[in-house]
Amino acid sequence: MMSAQSSTIIETLKEVTRLNNEGVRFLAICHPSEAHKRFKAALAMVNTHLGASEDFVLDAAPGVGAPQLATLAVPGMEDDTFYIHNQALAFNLEMFGSPEDFQMASSFLVFNLALSCHLGAMKTSSEPTARTACRLYEMCANLALSEEASTAELDCLASSLAVASMNNVAQLTYRLAGNAPKAVEILNSLNPSPELTQTSYMSPEQLDEIILNICTIMATPVVAASAA
Numbered sequence: 317m318m319s320a321q322s323s324t325i326i327e328t329l330k331e332v333t334r335l336n337n338e339g340v341r342f343l344a345i346c347h348p349s350e351a352h353k354r355f356k357a358a359l360a361m362v363n364t365h366l367g368a369s370e371d372f373v374l375d376a377a378p379g380v381g382a383p384q385l386a387t388l389a390v391p392g393m394e395d396d397t398f399y400i401h402n403q404a405l406a407f408n409l410e411m412f413g414s415p416e417d418f419q420m421a422s423s424f425l426v427f428n429l430a431l432s433c434h435l436g437a438m439k440t441s442s443e444p445t446a447r448t449a450c451r452l453y454e455m456c457a458n459l460a461l462s463e464e465a466s467t468a469e470l471d472c473l474a475s476s477l478a479v480a481s482m483n484n485v486a487q488l489t490y491r492l493a494g495n496a497p498k499a500v501e502i503l504n505s506l507n508p509s510p511e512l513t514q515t516s517y518m519s520p521e522q523l524d525e526i527i528l529n530i531c532t533i534m535a536t537p538v539v540a541a542s543a544a
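Mapping of the sequence shown onto the numbering used here: residues 317 to 544, in sequence order.
Have a look at this one:
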């Protein structure tokens, strides 16, 4: 029989999933403020219940491996010269099969929250919002890399999320401050490898675009803008 604690966690996961996927749908129609509200609420729920999930395993979860995610390209996040990894992350309850998966949800939500700020900054030319996006991307990268992955697949997913986050920090650094050397430094620190494309989150073409961003910066005169 399922314990009261497990029942509470499952209900929390259902609500986190609903809020996150609603937020992704709002990003899909270019409503970053509505998306932002939902990602923040979902993240607060995850953080509240994270400690209670340490010994939690969802019996109905699929086989061992990285969570299968659905990604959606967020419109309105195009840059003429710099590739932005604008893939919002949608997921379902079945992805939560272990405490590690539950913890990884924090990284997904922070990345989506950063995307909502990034899109909002690009729509409004808001420097404070762009700086918030940078901080959130950096937080996402730190979260993803600090987690102890239970499988090689999950570790690869965490690494690809960190690379995507810091790529977007580089874009904002390049555009926001016109700081090409700093953007190149950020990109050079990523050291992306082909293994990152072994998850559903990042395609080989997207990884190539991230690598090519360094060449783009070196070959293109800096055009500073508030966020895009």
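Note that the Cβ used here is the ideal one computed from N, Cα and C, for glycine as well.
Integer Cβ distance of H352 from C433, believed to fall under 8 angstroms: The C-beta distance from H352 to C433 rounds to 7 angstroms, short enough to meet the 8 angstroms contact threshold.
N529 versus P508 - alpha carbon distance: Taking the straight line from one Cα to the other gives about 12 angstroms.
State the Cα-Cα distance for the pair V500 and D395, rounded to the nearest angstrom. So the alpha carbons of these two residues sit roughly 17 angstroms apart.
Between the Cα of K330 and the Cα atoms of R451, T532 and A357, which residue gives the shortest distance? Of R451, T532 and A357, the residue nearest in Cα terms is A357.
Beta carbon of V426, beta carbon of M455: below 9 angstroms? Contact: yes.
Local conformation of A404 per DSSP, three classes: Here A404 sits in strand by DSSP.
Whether L503 touches I526 by CB criterion (9 angstroms): Taking 9 angstroms as the cut-off, the beta carbon of L503 is found closer than this to the beta carbon of I526.
Residue environment, R334, which counts as buried when at least 16 other CB atoms sit within 10 Å: Flag for R334 reads exposed.
When burial is assigned at 16 or more other CB atoms within 10 Å of the CB, is M393 buried or exposed? Here M393 is buried, its C-beta having at least 16 other C-beta atoms within 10 Å.
Closer than 8 angstroms to a non-hydrogen atom of the ligand SAH - does that hold for the CB of A449? In the structure shown, the ligand SAH is absent, as is every other ligand, since no ligand is present at all.
Skipping 5 residues on each side, what residues in its chain have a beta carbon closer than 7 angstroms to that of S349? Excluding sequence neighbours, S349 sits near G436.
Below 8 angstroms on the Cβ atoms is my guess for A430 versus Y453; work out the distance and round it to an integer in Å. Contact flag correct, Cβ pair sits at about 5 angstroms.
For the beta strand (DSSP E) containing T387, list its first residue and its last residue. For T387, the enclosing beta strand (DSSP E) begins and ends at A386 to A389.
What is the DSSP secondary structure of H352, reduced to helix, strand or coil? Reduced to three states, the DSSP call for H352 is helix.
DSSP three-state label for T532, please. If DSSP states are grouped into helix, strand and coil, T532 belongs with the helices.
Considering A474, what are the terminal residues of the alpha helix (DSSP H) in which it resides? Following the DSSP letters along the chain, one finds A474 inside the alpha helix (DSSP H) bounded by residues A468 to L492.
Go ahead and label N484 buried or exposed: buried means 16 or more other beta carbons lie within 10 angstroms of its beta carbon, across all protein chains shown. Counting Cβ neighbours within 10 Å, N484 comes out buried, since at least 16 surround it.
S422 versus L359 - alpha carbon distance: Their backbone Cα atoms lie some 6 angstroms apart in a straight line.
For V380, is the classification buried or exposed, using 16 other Cβ atoms within 10 angstroms of its Cβ as the cut-off for buried? Residue placement at V380 is flagged as unreliable, the pLDDT there being 43, under the threshold of 50; the coordinate-derived value follows with that caveat. With fewer than 16 Cβ atoms within 10 Å of its Cβ, V380 is classed as exposed.
For N507, does the three-state DSSP call read helix, strand or coil? Looking at N507 - three-state DSSP - the assignment turns out to be coil, as it is neither helix nor strand.
Measure from the alpha carbon of L461 to the alpha carbon of each residue in T489, L477 and C450, then state which is nearest. Closest by alpha carbon: L477.
What would DSSP say about E394, mapped onto helix, strand or coil? Three-state result, E394: coil.
Should N337 and N402 be called a contact, given that it needs their Cβ atoms to be closer than 9 angstroms? It is not a contact, given that the beta carbons lie outside the stated cut-off.
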